[in-house]
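Notes follow the structure.
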Amino acid sequence: MIQFILLFVLVTFAHAMEEKSNISAKYIGYSNFANEKMVEGDTKLKFENDFFATNIALEYLYSSEYDEKRYINVNELYLMQRHVDYSFTLGKVLKYWGELEGYNVTDVFNQKNILLNPFDKSAKLGAWSFLISKYFDENSLEFGIKLYEENQKYPKKGTPFSPFDIKYNEDLKLSDARYTPTVFLAYNFVNDTFIDSETKLILLHGYDNKRYFIQTASSELSQYAYRVNKFMLLSNIVYKGTILKCETSYTDVISDKAMSDYTQLTFGMENSLEEIFGASLNLYTEYYRYIYIDDKIKNVDISEIYDNDIFLALKLNFNDVKNSEIKSGILYDTLHGEKVFKVEAQSRVIDNLVLSGEYLRLLPENKTVLSQIKESNKVMIGLTYSF
2 MIQFILLFVL VTFAHAMEEK SNISAKYIGY SNFANEKMVE GDTKLKFEND FFATNIALEY
62 LYSSEYDEKR YINVNELYLM QRHVDYSFTL GKVLKYWGEL EGYNVTDVFN QKNILLNPFD
122 KSAKLGAWSF LISKYFDENS LEFGIKLYEE NQKYPKKGTP FSPFDIKYNE DLKLSDARYT
182 PTVFLAYNFV NDTFIDSETK LILLHGYDNK RYFIQTASSE LSQYAYRVNK FMLLSNIVYK
242 GTILKCETSY TDVISDKAMS DYTQLTFGME NSLEEIFGAS LNLYTEYYRY IYIDDKIKNV
302 DISEIYDNDI FLALKLNFND VKNSEIKSGI LYDTLHGEKV FKVEAQSRVI DNLVLSGEYL
362 RLLPENKTVL SQIKESNKVM IGLTYSF
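Structure, rendered in C-alpha cells:
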C-alpha cells in the first residue's frame, strides 16, 4: 500500500519533474551457455523545491534467452523533507557504504541485484526505510530504520553464473518476522587539520544482508536471514597522489545459534600517476579477509570468495572529448587459486550514445562456494543511449 501512496504523490508532481533515462542494447556471448540479446535501462524522475524532494527510479531488463531476466522494478521511491541542517526520508532507498573499488564488506544495507549483474557491486535492490540525518558542517549523523526484508533472486540452474546444482526457491526464510526492523546509526566525520581523511562509523542492529542457504521440505534451496549486532568502520586517507582505504566489520549473530560470529577486514591503496601522453592512469591494490570467530556454520555465503583474496586493477582515462576509458582487474584467491579476470572499455560515439565492451573470465576451484560454476568466458558489446 505504501508503494502506491508514494507513487501517487510522485505522479502528481510529474509535470514538474526532472527526467533522465538510459537504455542499452547488448549482445552477450557465453562459452558454456546460450548467447543472449539484452535490453537494459533505467528512468529517474526527480522533483525538488525549498521544502522537500521526491525521487522515483525504474529499472527494466529483458533477455532473449533467460526468462528470469525479464522484469520492471521500482528500485527507488521516496519523499525527502529538507531543512538547513537536517532531513527526513521515507520510502524505498539505495545506500552506498564503501571505500574500496573491488568489493565492499560494509555495503550491507541493500541486497544485491544478482540477476542484473552478479559482478557489479552497484547493482542493488531498494530497501523500504525511514531515515533521519543531522548535518554539522562537513560532518553528519544519520539514524535509519529498514522496514522490510526483500527476496533475492538468483539465476536458475543451468543458466549463466548459477551457483546451485538444485532448484532455488526465492521465498526468504527468516529467524524472525520479515517486518522486524533493522536499525542503524552512522556518524561521518571529515578531518583536514593535518592530513585529509574521511571516516564513517556504523552501528547496525537487525538483519544482516549476508544470508546462508537451507534445504526446504521440497528439497529446494532457500535463503535464510538472521539478525545481528554489527559494527563497521570505513576510512580513507589522502596523501599526495595516494589514497589509503580501509573497511572493517565485526558481526555478532544474535538470532541463530548455529551461525558463527565473524569479522571482515579489507585494505586498499589507490595511486594516481602522472599523465602519460594526455591519459591518466589509476592503480588499485586491495586485500580481503574473512575470519570466523568460532567453529560453527562456515562457508555458506557466496561473498566468502572474498577471503584471503587480492584484487589488482588499473583504470586508463584518455581524457578526450569522447570520455574514453579502459578498466581491467583480477581477483585472485590466495588459498584456492581461483581467479576472475575482467576488462571493460567504453567511448562515446556521438552525443548521448556510448559504445561499451566487456570481457570476463572465471577460473573457479571445485572446493569453494563457486563449485557449481564451471570455467567460463563472457563477452559483451553494447550501445547505451541517454536522454
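Read in order, the letters of the sequence shown are residues 2 to 388 in our numbering. Don't be surprised by glycine CBs; every beta carbon is placed ideally from N, CA and C. Bear in mind the structure is a predicted one, so any value in this text is a computation, not a measurement.
| Asked | Found |
| --- | --- |
| Residue nearest to L245 in terms of C-alpha spacing, selected from V254, W129, K231 and L235 | L235 |
| CA-to-CA distance, D138 to L284, given in whole angstroms | 32 Å |
| Between the CA atoms of T181 and I255 - distance to the nearest angstrom | 14 Å |
| Spatially closest choice to V85 from I115, F53 and Y72, by CA coordinates | F53 |
| Residues near Y63 in its chain [Cβ-Cβ closer than 6 Å; skip 5 each side] | V40 and R71 |
| Same chain, Cβ closer than 7 Å to Y136, five either side skipped, listed in chain order | D86 and Y87 |
| Extent of the continuous beta strand (DSSP E) run through W129 | A128 to F137 |
| DSSP-derived helix/strand/coil call for E69 | helix |
| Endpoints, beta strand (DSSP E) assigned at M270 | Y263 to S273 |
| Beta-bridge partners of V344, as assigned by DSSP | S329 and Y360 |
| Continuous alpha helix (DSSP H) assignments of at least 4 residues falling wholly in the region 150 to 186 | none |
| Cβ contact (3+ pairs, closer than 8 Å) linking the region 185 to 194 and the region 139 to 147 | yes |
| Nearest-angstrom Cα separation, counted from G207 out to I24 | 36 Å |
| Inter-residue spacing [alpha-carbon to alpha-carbon] between V370 and G279 | At V370 the pLDDT is 46, less than 50, meaning the model places this residue with poor confidence and gives no usable figure here. |
| The region 309 to 319 contacting the region 330 to 349, beta-carbon criterion three pairs below 8 Å | yes |
| Pairwise C-alpha distance: T55 and M18 | 9 Å |
| E359 vs E345 beta-carbon contact at 7 Å | yes |
| For Y293 and F268, believed in contact at Cβ under 8 Å, the rounded distance | About 19 Å separates the two Cβ atoms, so there is no contact after all. |
| One or two residues paired with D334 in a DSSP bridge | D310 |
| Inter-stretch contact at 8 Å, needing at least 3 Cβ pairs: the region 124 to 131 / the region 103 to 116 | yes |
| Close beta carbons around S304, own chain, < 6 Å, minus the five adjacent residues each side | Legend: pLDDT at S304 = 49, less than 50; position of this residue unreliable, value from coordinates given subsequently. Contacts found: none. |
| Chain-order list of residues whose beta-carbon lies under 6 Å from that of V106 (same chain, five-residue window excluded) | E248, S250, Q265 and T267 |
| Helix, strand or coil at I57 according to DSSP, with G and I counted as helix | strand |
| Nearest-angstrom Cα separation, counted from L222 out to S273 | 45 Å |
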